[in-house]
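One structure is given below, encoded as structure tokens.
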Amino acid sequence: MDNRSRDTVIGYYGFPRRKVLREARERFGRELGLVDLDVDRGALDSGILPWTTCRIIANIVDNAVDLRGRLVAIVAAVGEDKCDRGRHAAYLLRRLGFTVIESRFPDDELENRPLVISRSRLPLREKIDRIMATVVDPGAPAAPPAACEPTHGFWGVPPHDFRILDLFPETTHVYGWVRCVEAGRPSDVELECRVDEGVPTVFFTQSFCAKQDLAHHLAEKHRGLAVDCHREINDSILAKVEAFVKLS
Amino acid sequence: MSGKGGRVKIADCGSTWTKILDPAAHTLEIITTKELVRRADERFEVATGHCGRGRCRIYRNELVALAEGGLSLVDDDDFSLVDVGGRDIKFVRLKGRKVEKLDWNLACGSTTGATLELLGNYYDIDFSTLPASDRWVNVTCGVFGMERVLEQIAVGTSPEESVAMFLHGLVRNVIDFVGRPAHFYLSGGFCENPCFMRTAERYSRVTPLGRTVLLEGLKKVLE
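Heads up: the sequence lines are chains H and U, in that order.
Take the first sequence: its letter number 158 is residue 158 in our numbering, and every next letter is one higher.
With the second sequence counted from 1, adding 248 to any position gets you our numbering.
Right, dumping it as structure tokens:
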């Protein structure tokens with residue numbers, strides 16, 4: 001089998017079942033790197049999706065096309081733990097010739113892991129990076145970060161453009177789908193919508209993401225700030241969040 | 249950092265208009281931002297606005313300047329304040345003189361103020377005498393709103409009525425954006441637009457604060 005390039009990788013997106021990800025590694029090679037296709041890797045637009053597509057879904061397709069020869073398989077979260085467009089992306093990628101392994105997170109596999117990083121005192125960017133790394137390696141951190149009381153909240157998914165995260169203090173707690181990832185419960189909408197009362201929270205979504213419905217509702221309910229952004233963050237969005245963090 | 253002539257100046261450098269205050273001399277200069285762009289050497293001690301970054305020693309966020317300006321000018325404990333600019337709409341609601349809610353409309357719904365100014369210039373509209381219209385067009389954003397105005401004119405509506413309908417649509421956006429309060433304070437150039445004020449009064453009681461609210465907020469930096 002091993003005429004594959006040394007930099008061959010397995011792609012994944014969303015939060016696939018740990019069992020499915022493990023089986024894919026056993027099937028295609030444990031030594032292969034894993035690449036999160038959700039994140040911005042600087043790939044060119046593939047032109048496969050409409051302009052009005054959530055940037056994260058566009059990243060998945062654009063990254064896959066960009067990596068094409070290096071991707072031996074894509075492990076695709078397509079259940080309630082992701083979204084319809086994640087499922088559609090899997091359909092399209094399969095028709096583009098990729099090997100796609102679908103994952104749907106069943107309720108009996110939902111975990112209840114402690115929320116150590118979400119509630120810690122760390123730069124927000126680092127918190128989200130560390131939580132998302134638990135999709136591949138759920139082992140508890142060797143040195144758990146110190147917990148803190150929340151002064152602010154960030155609700156949502158990892159953004160396409162992480163610069164927005166740098167506006168928040170280290171005492172920002174993480175809510176929403178990212179918190180669900182840390183808990184090992186990516187399809188738990190009740191947990192996703194739970195925030196601490198009285199904590200000024202930014203409810204962030206990519207534009208054209210279905211989670212905008214939740215963000216709008218929660219921002220009204222908790223007097224937070226709903227922010228959506230297509231592609232890169234611009235100065236106006238940064239200024240809006242900066243003012244909210246400062247004035248709240 | 250001093251402005252031209254060595255005097256300390258503060259400025260609100262909006263997308264279409266720039267307001268420059270010399271606090272010591274109590275002089276206010278209002279210029280188009282295209283004029284500011286031509287003044288390559290113009291520098292300010294404190295500035296806010298999209299075009300102020302890079303021209304000042306201290307830069308202040310627009311929403312922060314708006315909130316602080318409102319607190320300087322308004323004595324109420326609880327109030328809503330909205331700034332309708334050329335490019336966007338900024339809003340703060342204060343309760344007990346603390347910010348309870350803020351928002352800033354961006355890409356969608358934006359550039360409506362600048363578009364109204366363009367339409368007014370193109371059709372020679374005098375907003376001081378333009379009657380408020382009972383009808384409105386949906387002003388989803390400046391471009392979509394302009395398309396509606398052009399369509400109205402194409403089907404025989406007068407340019408004056410069509411522009412007043414655009415303005416009415418813009419007012420409805422503002423009212424919805426600030427949460428339909430019974431009363432709010434208004435900041436920005438629309439304070440000087442009688443047709444805007446007459447149209448807005450159909451929905452809420454409006455108190456105009458003028459074009460220097462953000463400058464009042466900037467003054468606090470000098471204190």
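C-beta: ideal position from N, C-alpha, C; glycine also.
Small disclaimer: the values here were computed from a predicted structure and weren't measured.
What are the start and end residues of the alpha helix (DSSP H) that includes residue i?
| i | result |
| --- | --- |
| U/Thr360 | 360-370 |
| U/Cys261 | Taken as a continuous stretch (DSSP letters only), U/Cys261 belongs to no alpha helix (DSSP H), being part of the beta strand (DSSP E) at 258-261. |
| H/Tyr91 | 84-95 |
| H/Ser236 | 235-247 |
| U/Pro442 | 442-448 |
| U/Leu319 | 310-321 |
| U/Gly390 | 390-402 |
| U/Ser410 | 407-425 |
| H/Leu37 | Here H/Leu37 belongs to no alpha helix (DSSP H), and DSSP marks it neither H nor E. |
| H/Glu63 | The question names Glu, yet the displayed sequence has Asn at residue 63 of chain H. 55-67 is the extent of the alpha helix (DSSP H) around H/Asn63. |
| H/Phe28 | 18-28 |
| H/Ile48 | First-last for H/Ile48: undefined, no H or E at that position. |
| H/Glu102 | Looking at the DSSP string, H/Glu102 is not in any alpha helix (DSSP H); the run it does join, the beta strand (DSSP E), is 100-103. |
| U/Leu342 | Segment 337-343 is the beta strand (DSSP E) holding U/Leu342; no alpha helix (DSSP H) there. |
What residue from the options has the CA that sits closest to residue i's CA?
| i | options | result |
| --- | --- | --- |
| U/Asp382 | U/Arg446, U/Thr280, U/Ala313, U/Thr275 | U/Arg446 |
| U/Trp384 | U/Val397, U/Leu350, U/Ser263, U/Val391 | U/Val397 |
| U/Asp324 | U/Val461, U/Cys443, U/Phe432, U/Lys468 | U/Phe432 |
| U/Val330 | U/Leu276, U/Ser452, U/Leu470 | U/Ser452 |
| U/Tyr370 | U/Leu462, U/Leu284, U/Glu408 | U/Glu408 |
| U/Glu365 | U/Gly393, U/Glu348, U/Thr455, U/Asn353 | U/Gly393 |
| U/Gly317 | U/Arg301, U/Arg345, U/Leu470, U/Gly465 | U/Gly465 |
| U/Val256 | U/Ile278, U/Arg291, U/Glu277 | U/Arg291 |
| H/Pro50 | H/Ala24, H/Lys240, H/Leu92, H/Thr205 | H/Leu92 |
| U/Pro429 | U/Pro456, U/Gly390, U/Asp260, U/Arg341 | U/Arg341 |
| U/Thr296 | U/Glu283, U/Arg286, U/Ala315 | U/Ala315 |
| H/Arg94 | H/Glu232, H/Ala76, H/Pro114 | H/Ala76 |
| H/Gly79 | H/Arg25, H/His88, H/Pro141, H/Pro114 | H/His88 |
| U/Glu303 | U/Val454, U/Thr460, U/Gly262 | Per the sequence shown, the amino acid found at residue 303 of chain U is Arg instead of Glu. Of the candidates U/Val454, U/Thr460, U/Gly262, the one whose C-alpha sits nearest the C-alpha of U/Arg303 is U/Gly262. |
| H/Glu170 | H/Pro123, H/Thr52, H/Cys54 | H/Pro123 |
| H/Leu44 | H/Leu34, H/Val35, H/Arg55 | H/Arg55 |
| H/Ala219 | H/Pro200, H/Arg231, H/Asp235 | H/Pro200 |
| H/Arg85 | H/Tyr13, H/Arg68, H/Phe98 | H/Tyr13 |
| H/Ala135 | H/Thr151, H/Leu34, H/Leu96 | Looking at the sequence shown, residue 135 of chain H is not Ala but Val. Nearest of H/Thr151, H/Leu34, H/Leu96 to H/Val135, Cα basis: H/Leu34. |
| H/Cys83 | H/Gly11, H/Leu247, H/Ala210 | H/Ala210 |
| U/Ile373 | U/Lys343, U/Val411, U/Ala402, U/Leu434 | U/Val411 |
| H/Arg223 | U/Lys467, U/Glu293, U/Lys349 | U/Lys349 |
| U/Ala362 | U/Leu434, U/Pro379, U/Leu470, U/Cys389 | U/Cys389 |
| H/Phe15 | H/Leu115, H/Leu167, H/Glu242, H/Arg104 | H/Arg104 |
Could you name the residues of chain H that residue i contacts, counting a contact when the two beta carbons are closer than 7 Å?
| i | result |
| --- | --- |
| U/Lys349 | Arg223 |
| U/Ala295 | What U/Ala295 touches in chain H: nothing, since even the nearest Cβ is about 13 Å away. |
Within a Cβ cutoff of 6 Å, which residues of the same chain sit near residue i, ignoring the five residues on either side of it in sequence?
| i | result |
| --- | --- |
| H/Tyr175 | Gly153, Trp155, Val195 |
| U/Ser320 | Glu464 |
| U/Phe375 | Asn441, Cys443 |
| H/Pro106 | none |
| U/Leu269 | Ile258, Leu276, Leu463 |
| H/Met1 | Residue placement at H/Met1 is flagged as unreliable, the pLDDT there being 41, under the threshold of 50; the coordinate-derived value follows with that caveat. The answer is none, since no qualifying residue turns up. |
| H/Val157 | Trp177 |
What does a CB cutoff of less than 7 Å around residue i pick up in its chain, not counting 5 residues either side in sequence?
| i | result |
| --- | --- |
| H/Ser46 | Val61, Asp62, Val65 |
| H/Asn3 | Confidence in H/Asn3 is poor, its pLDDT being 45 and thus under 50, which makes the residue's placement unreliable; the coordinate value appears in the next sentence. If we look at H/Asn3 and ignore the five residues flanking it on each side, it has no Cβ neighbours. |
| U/Leu213 | Residue 213 of chain U is absent from the structure shown; chain U starts at 249 and stops at 471. |
| H/Asn59 | Leu37, Asp38, Val39, Asp40, His160 |
Residue i versus chain U: which residues are under 8 Å apart at the beta carbon?
| i | result |
| --- | --- |
| H/Ala239 | Asn309, Glu310, Leu311, Trp352 |
Give the interface partners of residue i over in chain H, defined as CB-CB distance under 8 Å, in chain order.
| i | result |
| --- | --- |
| U/Asp336 | Ser236 |
In the DSSP assignment, the beta strand (DSSP E) including residue i goes from what residue to what residue?
| i | result |
| --- | --- |
| U/Leu329 | 327-332 |
| U/Leu466 | Premise fails: U/Leu466 lies in the alpha helix (DSSP H), 461-470, not in any beta strand (DSSP E). |
| H/His173 | 172-175 |
| H/Ile10 | 9-13 |
| U/Val454 | 453-458 |
| H/Ala73 | 71-77 |
| H/Leu225 | 225-229 |
| U/Leu350 | 346-353 |
Could you tell me which chain H residues have their CB closer than 9 Å to the CB of residue i, listed as they occur along the chain?
| i | result |
| --- | --- |
| U/Ala315 | Ala243, Leu247 |
Spatial neighbours of residue i within its chain, please: C-beta separation below 8 Å, excluding the five flanking residues on both sides.
| i | result |
| --- | --- |
| U/Asn386 | Phe392, Gly393, Arg396, Gly417 |
| H/Glu31 | none |
| U/Trp265 | Ile278, Ile279, Thr280, Thr281, Gly334, Gly437, Arg459 |
| U/Cys299 | Cys261, Gly262, Ser263, Thr266, Thr281, Leu284, Val285 |
Would you say the beta carbon of residue i is closer than 7 Å to some non-hydrogen atom of the ligand GTP?
| i | result |
| --- | --- |
| H/Glu170 | Absence of the ligand GTP is noted for the structure shown, with no ligands found whatsoever. |
What beta strand (DSSP E) runs, 3 residues minimum, are completely inside the stretch 258-297 of chain U?
258-261, 265-270, 275-280, 292-296
Mind listing, in chain order, the continuous beta strand (DSSP E) runs of no fewer than 3 residues lying wholly within the stretch 171-207 of chain H?
172-175, 201-206
Note down, one range per segment and in chain order, each alpha helix (DSSP H) of at least 4 residues found wholly within the stretch 104-177 of chain H.
124-133
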